[in-house]
Amino acid sequence: MIDHGLIDRTGRRVTLRPVDDANWRAVADIAPLDAQRAHAPALAARYLLLTLREDTWHSLAVYGDEAVTGHVMWARDEDGSYWIGGMLVDGPEQGRGVGRAAVRTLAAWLAEQDGCEVLRLSYDPVNTAAGHLYTSLGFRPTGEEEDGEVVVELAASAAR
Ligand SMILES: CC(C)(COP(=O)(O)OP(=O)(O)OC[C@H]1O[C@@H](n2cnc3c(N)ncnc32)[C@H](O)[C@@H]1OP(=O)(O)O)[C@@H](O)C(=O)NCCC(=O)NCCS
Numbered sequence: 004m005i006d007h008g009l010i011d012r013t014g015r016r017v018t019l020r021p022v023d024d025a026n027w028r029a030v031a032d033i034a035p036l037d038a039q040r041a042h043a044p045a046l047a048a049r050y051l052l053l054t055l056r057e058d059t060w061h062s063l064a065v066y067g068d069e070a071v072t073g074h075v076m077w078a079r080d081e082d083g084s085y086w087i088g089g090m091l092v093d094g095p096e097q098g099r100g101v102g103r104a105a106v107r108t109l110a111a112w113l114a115e116q117d118g119c120e121v122l123r124l125s126y127d128p129v130n131t132a133a134g135h136l137y138t139s140l141g142f143r144p145t146g147e148e149e150d151g152e153v154v155v156e157l158a159a160s161a162a163r
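Structure (C-alpha cells):
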C-alpha cells in the first residue's frame, strides 16, 4: 500500500494499492462522467488491459478508506523519467479531493524510486479540470506534445 497520509474532503484516507483478486472488478468498473468521454475511456478496464498486455504501465487502485474510488498507473521511461497516466476518478466520487490526493501520493512515491529525477504526464489541452489540477501541483509544460496532448513535468525533488 502506498500511503502519503492524505485525506479527501470527506475525511477518508486516500491510499494506492495493487490491483488484486479482491478489487479488480471494482477497479475495472471505474467510469468517468459522460461529459468526460472525449478524454477518458468508458471504463478503467481499458487501463487494466493495457497494463496486462504490456510491461510498460503498472496499474494501481485508488482507495478512499476501504472504498475503491479510482485508478491510476505509472511507468518508467528509458531516459529514467517516471510517468503518471490513467488517472480516473469514478464519476460520483469526483470533486471530493480524491484525484488531487492520488496524484500527490503517487508523485511522492515515484520521486523516491531508483534514479527518479523527473515526473511527467500528458493531458488533453481541452481537459481544463486536469490542467488546473496538474498546474496547481507544480507540473509545468515541457514544450513537447504526445498524441495531441500537452506534456508536463515536475522535478522529483519538488514531489517528495
Ligand atoms: C481529473 C480528475 C482525475 C480529477 O479528480 P477529482 O477527484 O474530481 O479531483 P479533485 O476533487 O481532487 O479536484 C482537484 C482539482 O481538479 C479540478 N477539478 C475537478 N473537477 C473539476 C470540474 N468539474 N471542473 C473544473 N475543475 C475541476 C479542480 O481544479 C480541483 O482543484 P481544487 O482542489 O483547487 O478544487 C477527474 O475529474 C477525472 O477522473 N476526470 C476524467 C478522467 C481524466 O480526465 N483524467 C485526467 C487525464 S490526464
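The opening residue of the sequence shown carries number 4 in the working numbering; numbering runs sequentially from there.
All C-beta atoms, glycine included, are put in the ideal place defined by N, C-alpha and C.
{"Query": "Coarse secondary structure for H74, derived from DSSP in three states", "Result": "strand"}
{"Query": "G8: first and last residue of the uninterrupted beta strand (DSSP E) it sits in", "Result": "5 to 10"}
{"Query": "Beta-carbon contacts of L140 that lie in its chain and below 8 Å, excluding the five residues immediately before and after", "Result": "R103, V106, R107, A110, L157"}
{"Query": "C-alpha distance - V65 paired with G89, whole-angstrom precision", "Result": "11 Å"}
{"Query": "Inter-residue spacing [alpha-carbon to alpha-carbon] between L46 and D117", "Result": "31 Å"}
{"Query": "Which of helix, strand or coil DSSP assigns to V129", "Result": "coil"}
{"Query": "Span of the beta strand (DSSP E) around I155", "Result": "The amino acid at residue 155 is misidentified as Ile; the sequence shows Val. Start and end: 152 to 158."}
{"Query": "Exposed unless 16 or more other CB atoms sit within 10 angstroms - verdict on G67", "Result": "buried"}
{"Query": "L122 beta carbon less than 8 Å from that of A78", "Result": "no"}
{"Query": "Any non-hydrogen atom of ligand 3 within 7 Å of Y66 CB", "Result": "Inclusion of ligand 3 in the displayed structure is not the case, the ligand content consisting of ligand 1 alone."}
{"Query": "Identity of the residues DSSP links to V65 by a beta bridge", "Result": "L19, G73"}
{"Query": "Cβ-based burial, I33 [other Cβ within 10 Å; buried from 16]", "Result": "buried"}
{"Query": "Neighbourhood of C119 by C-beta distance below 7 Å, restricted to the same chain and skipping five residues each side", "Result": "Y85, L113, A159"}
{"Query": "L51 - containing alpha helix (DSSP H), residue span", "Result": "48 to 56"}
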